[in-house]
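S.K.: Okay, here's the structure, questions in a sec.
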Amino acid sequence: MTGVLTQIGQTALNTLAYLGGLVKLGLNAASYVFVAPFRGKPLRLGRGISQAMEVGVRALPILSLITFFIGLILALQAAYELKKFGAINFVASAVVISMSRELGPLITAIVVIGRSGSAFAAELGTMKVSEEIDALETMAINPVQFHPSFWP
């Protein structure tokens, strides 16, 4: 019984520590964006635009391909069902409305989050494995604030 309670307590503490780390990261990010520029530190708009291009614009080819195929499948399914009612003329309208209103934003969000999240995780994982993050911490440099001059 004591072992089970110890394990539950340890899991609860680990979860709280993880959530605390997330809150600390969020507060640091908010501080760098909203408070630091008023204290003389630059906002680095160029880096933000670079990240927006990496996340958004470079996802357009795969996003267009996936959206095309989903629209094609939706059109085939709608044509099959609407043919029964003699309303085959409404297939294009139904596909356009459903893709632009409902499925388009959802598909975009899923693809961009999946693509960008995995890319960021791979980059951070590579930095952790090659001990770049540990080296920065050893030199008393905050890895979140670190911005070498040769990065775009």
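Letter by letter, the sequence shown follows residues -9 to 142 in our numbering. Just so it is clear, CB atoms sit at the ideal spot from N, CA and C, and this is done for glycine as well. No experiment lies behind these values; they were computed from the predicted model shown.
#1: Among 41, 40, 22, 59, whose alpha-carbon lies nearest the alpha-carbon of residue 32?
#2: Apart from the five residues on each side of it in sequence, which residues of its chain come closer than 7 Å, Cβ to Cβ, to residue 68?
#3: Using the Cα positions of residue 126 and residue 37, report the straight-line distance between them to the nearest angstrom.
#4: What's the C-alpha gap between residue 114 and residue 59?
#5: Which residues in the same chain have their Cβ closer than 8 Å to the Cβ of residue 132, if we skip the five residues on either side of it in sequence?
#6: So residue 111 is in the alpha helix (DSSP H); what residue range does that whole segment cover?
#7: Under a three-way DSSP split, which group does residue 140 fall into?
#8: Once you ignore the five residues that flank residue 72 on each side, which residues in its own chain have a CB closer than 8 Å to its CB?
#9: Check the C-beta distance from residue 56 over to residue 97 and give it rounded, since I have them as a contact under 8 Å.
#10: Cα-Cα, which of 136, 129, 61, -1 is closest to residue 91?
#11: Straight-line CA distance for residue 129 to residue -2?
#12: Cα separation between residue 47 and residue -7?
#13: Residue 38 lies in the alpha helix (DSSP H); which residues open and close that run?
#14: Can you tell me which of the three DSSP states residue 131 falls into?
#15: Tell me whether the beta-carbon of residue 109 lies closer than 9 Å to the beta-carbon of residue 44.
#16: For the alpha helix (DSSP H) containing residue 30, list its first residue and its last residue.
M.R.: The answer reads as follows:
#1: Looking at the Cα atoms, 22 is the closest of the given residues.
#2: Within the same chain, residue 68 has close Cβ partners 81, 84, 85.
#3: A direct Cα-Cα distance of roughly 20 Å separates residue 126 from residue 37.
#4: Distance between the alpha carbons of residue 114 and residue 59: 32 Å.
#5: Taken in chain order, the residues that qualify are 126.
#6: For residue 111, the uninterrupted alpha helix (DSSP H) run begins and ends at 94 to 119, by DSSP.
#7: Its pLDDT being 44, under 50, residue 140 is placed unreliably in this model, and the coordinates cannot settle the point.
#8: 78, 80, 81, 84, listed in sequence order.
#9: Sure, about 6 Å apart at Cβ, within 8 Å.
#10: Shortest Cα-Cα distance from residue 91 to any of 136, 129, 61, -1 involves 61.
#11: Distance between the alpha carbons of residue 129 and residue -2 is about 37 Å.
#12: Residue 47 and residue -7: Cα-Cα distance of roughly 52 Å.
#13: In this chain, the alpha helix (DSSP H) harbouring residue 38 covers 35 to 45.
#14: Residue 131 carries a coil assignment under DSSP once its states are collapsed to helix, strand and coil.
#15: Going by beta carbons, residue 109 and residue 44 fall inside the 9 Å limit.
#16: DSSP places residue 30 outside any alpha helix (DSSP H), giving it a letter other than H or E.
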